[in-house]
Structures are given as structure tokens and as C-alpha cells.
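Engineer:
Residue numbers (this note's numbering): 3 to 486.
1) Does the separation of the CB atoms of residue 27 and residue 151 fall below 8 Å?
2) Would you report the Cα separation of residue 365 and residue 77, rounded to the nearest angstrom?
3) Ends of the beta strand (DSSP E) at residue 464?
4) Nearest by alpha-carbon distance to residue 219: which of 423, 458 and 16 is it?
5) Do you know how far the Cα of residue 66 is from the Cα of residue 265?
6) Using the rule of at least 16 other Cβ atoms within 10 Å of the residue's Cβ for burial, across every protein chain shown, is residue 170 buried or exposed?
7) For residue 79 and residue 102, what's the separation of their Cα atoms in angstroms?
8) Counting beta carbon pairs with one atom in the region 362-377 and one in the region 329-349, are three or more of them shorter than 8 Å?
9) Which of the three DSSP states is assigned to residue 69 in this structure?
10) Would you give the residue range spanned by the beta strand (DSSP E) that residue 253 belongs to?
11) Taking residue 276 as the reference, which of 99, 39, 399 and 14 has the closest Cα?
12) Does the region 198-208 come close enough to the region 222-236 to have 3 or more Cβ pairs within less than 8 Å?
13) On the DSSP bridge list, what partners appear for residue 74?
14) What first and last residue would you give for the alpha helix (DSSP H) that runs through residue 383?
15) Starting from the C-beta of residue 392, find all residues in its chain whose C-beta is less than 6 Å away, skip the five residues before and the five after it, and write them out in chain order.
16) To which residues of the same chain is residue 425 closer than 6 Å at the C-beta, ignoring the five residues directly before and after it?
17) Just to confirm the assignment: which complete alpha helix (DSSP H) runs, minimum length 4, are found wholly within the region 161-194?
18) I'd like to confirm something about residue 232: is its beta-carbon nearer than 7 Å to some heavy atom of the ligand MN, or not?
19) Is the separation between the beta-carbon of residue 409 and that of residue 399 shorter than 8 Å?
20) Rounding to the nearest angstrom, what Cα-Cα distance links residue 143 and residue 88 in this structure?
21) Helix or strand or just coil, what does DSSP make of residue 87?
22) For the beta strand (DSSP E) holding residue 28, just list the boundary residues, first then last.
23) Rounding to the nearest angstrom, what Cα-Cα distance links residue 5 and residue 119 in this structure?
24) Kindly list the residues whose CB is nearer than 8 Å to the CB of residue 259, restricted to its own chain and excluding five residues on each side of it in sequence; keep chain order.
25) From 31, 354, 92 and 413, pick the residue whose C-alpha is nearest to that of residue 386; which is it?
26) Just to confirm, is the Cβ distance from residue 461 to residue 427 under 8 Å?
27) Where does residue 265 fall in DSSP's three states?
28) Taking residue 403 as the reference, give the member of 430, 369 and 311 with the closest Cα.
29) As a quick exercise: from 30, 71, 51 and 10, pick the residue whose alpha carbon is nearest that of residue 298.
30) Can the beta-carbon of residue 55 be found closer than 8 Å to that of residue 358?
31) Could you give the distance in angstroms between the alpha-carbon of residue 154 and the alpha-carbon of residue 388?
32) Please work out which residues of its chain come closer than 8 Å, Cβ to Cβ, to residue 194, disregarding the five sequence neighbours upstream and downstream, and give them in chain order.
33) Assign residue 424 to one of three DSSP states: helix, strand, or coil.
34) How is the alpha helix (DSSP H) around residue 215 delimited, first residue to last?
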């Protein structure tokens, strides 16, 4: 049956905007403060308080909409979305309903080597709710209202995604675009980028949508993909058994790797939307919107094309590097000091990303200047250290903050490149290992690897490998010629 059905996915992505204060009051948006210390009567919804719109939040929302190729509305307004939840102190959320900030956009993304496009239905501005913290030991639930009133945009796609893998690729590209546009830091581990995924199945070739399930609050790319994979399997099994699917909201259980039912899905009328009476409707000046458009920086797709044209990088390398603005900036700055783009690319994708991934860090948390990577690569080119030693130096330089050259000098890691000294070591190895020498002379090329290993062992790994190999081959060839 899997081949007979089509997967249909749409996303609702919540993005915290990079402002210093909340959307309707002056409370700080700083992450990680003690619970309930960044609150005031306005964001706590005390009677008689009035919201005042943060203009920076509006500007960033417009910036995001333009980066996503949306048409920004001339007229827009706020609405009250009414529902009860413990982390929503007013009993309603100030959001947007029938006059959103922007509509009709699109985003291109790459998946499995091919380009796909997903349409953006709308981008609207709203306030965030608080955060519930569940104590599994005591069974108590605590509420932190610090996040209440943090400015959000919600990016709603059309149901254009056709697989969990596509959904993940879309989210990765969306994060990159928003980071480049300097709209949000998009740190999923801090909750500044979260996603609700709507998924349904329908007979292949059909145009009507099937009964959907909404999976709430997915806060990692992996969770998004895994939750959707589970839903595809669950809904497929239900249809095969002839069961009737219901419109519902589900949660993702990370420990069990399953989705679980939360409640039946609300419709728009359940929220009793009406215009927010404490905020006037807005008419946006087209010239102001155009100024924001002109201020947009180079976006990921543009930078990827430039990296291929300007630096000669393969599409894969360029795609990996530009996925993070910090990583792309790091790469370009390093190339300015060490003009060998492919070598830098290899190190960025290998050592730099490997270091970050092994420690669960984001590129923004890398404590290593690109000038220092350039310094390290120059030392390899100059024969001061080998590539293997350079990898070790890189790890320690990032961990300690010391410069690569200082570490090499401090630890005595310089390569042995003295021809006379290496020639003496080579002669000694040949004398001590006559059997591998005979094997090599009889055409067993692998014996050369053993002899090279002995040279490296005698020099504690400091021998310049290119020079040592050349001297070894020359010595073996000379002795062969002199053998009667």
C-alpha cells in the first residue's frame, strides 16, 4: 500500500525574533535567566495594562517575510486568539488571523541533490507563551513566564512537502535564510526555532487532502524527521486495516520514539478570534518596506552560487558551508589569509564541523579564529608539521585558546626535515630490517610501508613523510643497483 499513497506535509514554524525586549513591553528577552525574573504586569496580563508594539519586532518580521519572497501587506492588524492554557496568563494570545503581515511566498531547498520549492502561505507576527516544566519525580508542573511576550513570527507553508526528508531539508534551509537575514539566532536547543508538522496520506494522484495529524513542538531537525517517519508508518497501518483516522493533535515522545495523542484538533472558530482592541491596525509605508528589502544581505542560495563560481568549490562543499552563516564567514576569512579554498573547505567540513558535532556545539560557539586555521595550514605547507600533527594541534588550539604555532613550539612538534639526519635514520632502518628490504626488491611494494613506519617510529612521528619516503626509495634503489 505504501506505493499507492502519497505523503502530504505542511509546516507551521515558530521563530523567536532577535530583539532585546519583548513584543509589547520592555522586559528582557535574554535566554537562561532565573524563572519568572523577566516579567511585568503587561506580559503577565494584569487587568488594566496596555500593550505597546515593539517596532524592531515589526521590522524583523517584515525582513523575514521579504527573505522568504512573500508579499508584505499594506494593511495588517492584530487579533486575540482565545484559549486556556496554564502558560498563557491572559487567557488569550495576541496574534494575527485574517490580515497577516505577509503572504504568498516561497522557499527553494535542496534534497538528495535536486532542488525543490515549497510555497509559504503566510508569515504573521505574534507573542510567545510561557514554558511548562514537568517534574517526573514529584508529578508537579511549574510555569516559567520569562518567555511570555517574546516576539515570534509564524511561518506557515502550503502542504507542498512530500516526505519527512523533504520536511527536514526545508527546515534546514529556512533556518539558514533566517540566520543570514539576521532575524533570529534560530537556536533550536533554546527554543527559538520550533515546528508543528501537519501530515496526512492520500491515494496517489488524488487532489483532496486526507485526515491530518498535527505533531506539536518539534525542536530539532532529527525529531521532526523521526516523528514524521513514525506518522507515515502509523497512518499507513491504520489505512491498511480500514480504520478511520481522526483530526487530532499529537506529541512526540523522544524516549519511546513514537507520537502520542494529545487532544482533538481545534479549528479556527474554536479560538474565537476577534480584532485586538488595544492595538490599532497598521498601514505599512511601501518605501519603508522597500528600504528593508534593500538592506537584506546575500542569502544562502546566492552565497552558494558565488562560492562555486568564485572559489571553485563543488556544490556539496558549498552547500555544507553556507548552511551556517558563521561557518561561511569563517571560511571566507580563512581564505583571505590562506588562498587555497578547497584545502580550507576540506578542513572546515572535516576538522571544524567534526569538533563542533562531537561536542554538540553550534558554529557560533566555535572559539577559534579563522586566522589561526590559516596559520596552521601554512605550517603544513611549509613542512613544519605533518597533517596528522596539525589535526592534533587544531583540537588543542580550540580547547586552550593558544595559537597553533605557540603549541607546536611549546610541545616540540616540528617535523624533522633535515635531509642529513633523516638519511641517517633511513640507513639505520635498512640495516636493521633486511627481510622487508629483500621483499621490496622482489616487487612487494607493501614492504615500503613497513619501512616507512619504522622511520616514523624512530623519529617519534616527526619525520617529514614526503622527504622520508623519497630518501627511503632513493636508498633502496641505490642499494639495488649496487647489488651484484
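No residue lacks a Cβ here, since even glycine has one placed at the ideal position from N, Cα and C. Being a predicted model, the structure only gives us computed values, none of them experimental.
Structural biologist: Well, looking at it:
1) Yes, these two residues count as a Cβ contact at 8 Å.
2) Between residue 365 and residue 77, the C-alpha separation is close to 39 Å.
3) Careful: residue 464 lies outside any beta strand (DSSP E) and carries neither H nor E.
4) Measuring from the Cα of residue 219, the nearest candidate turns out to be 16.
5) Between the C-alpha atoms of residue 265 and residue 66 there is a straight-line separation of about 32 Å.
6) Residue 170 should be labelled buried.
7) Residue 79 and residue 102 have their C-alpha atoms spaced approximately 7 Å apart.
8) Enough Cβ pairs lie closer than 8 Å, so yes.
9) Per DSSP, reduced to three states, the secondary structure at residue 69 is helical.
10) Unbroken beta strand (DSSP E) run through residue 253: 250-255.
11) Among 99, 39, 399 and 14, the Cα nearest to that of residue 276 belongs to 99.
12) Cβ pair count under 8 Å is three or more, so yes.
13) Residue pairing for residue 74: DSSP places it in a beta bridge opposite 104.
14) Its alpha helix (DSSP H) spans residues 372-383.
15) Apart from sequence neighbours up to five positions away, the residues of its chain that approach residue 392 with a beta-carbon distance below 6 Å are 378 and 382, ordered along the chain.
16) 473, listed in sequence order.
17) Qualifying alpha helix (DSSP H) stretches, in chain order: 166-182.
18) The ligand MN is not part of this structure, which contains no ligands at all.
19) Contact: yes.
20) The straight-line gap separating the alpha-carbon atoms of residue 143 and residue 88 is approximately 10 Å.
21) Residue 87: coil per DSSP, three-state reduction.
22) Looking at the DSSP string, residue 28 is not in any beta strand (DSSP E), and its letter there is neither H nor E.
23) Taking the straight line from one Cα to the other gives about 23 Å.
24) Once the five neighbours on either side are set aside, the close Cβ partners of residue 259 are 228 and 232.
25) Sorting 31, 354, 92 and 413 by C-alpha distance to the C-alpha of residue 386 places 413 at the top.
26) Contact annotation: residue 461 and residue 427 have beta-carbon atoms nearer than 8 Å.
27) DSSP places residue 265 in strand when its eight states are reduced to three.
28) When each option's Cα is compared against that of residue 403, the closest is 369.
29) Among 30, 71, 51 and 10, the Cα nearest to that of residue 298 belongs to 71.
30) At a Cβ-Cβ threshold of 8 Å, residue 55 and residue 358 do not count as neighbours.
31) Straight-line Cα distance between these residues: approximately 49 Å.
32) Here the set comprises 17, 18, 33, 186, 187 and 188.
33) Correct three-state label for residue 424: helix.
34) From DSSP, residue 215 is part of no alpha helix (DSSP H) but of the beta strand (DSSP E) over 215-220.
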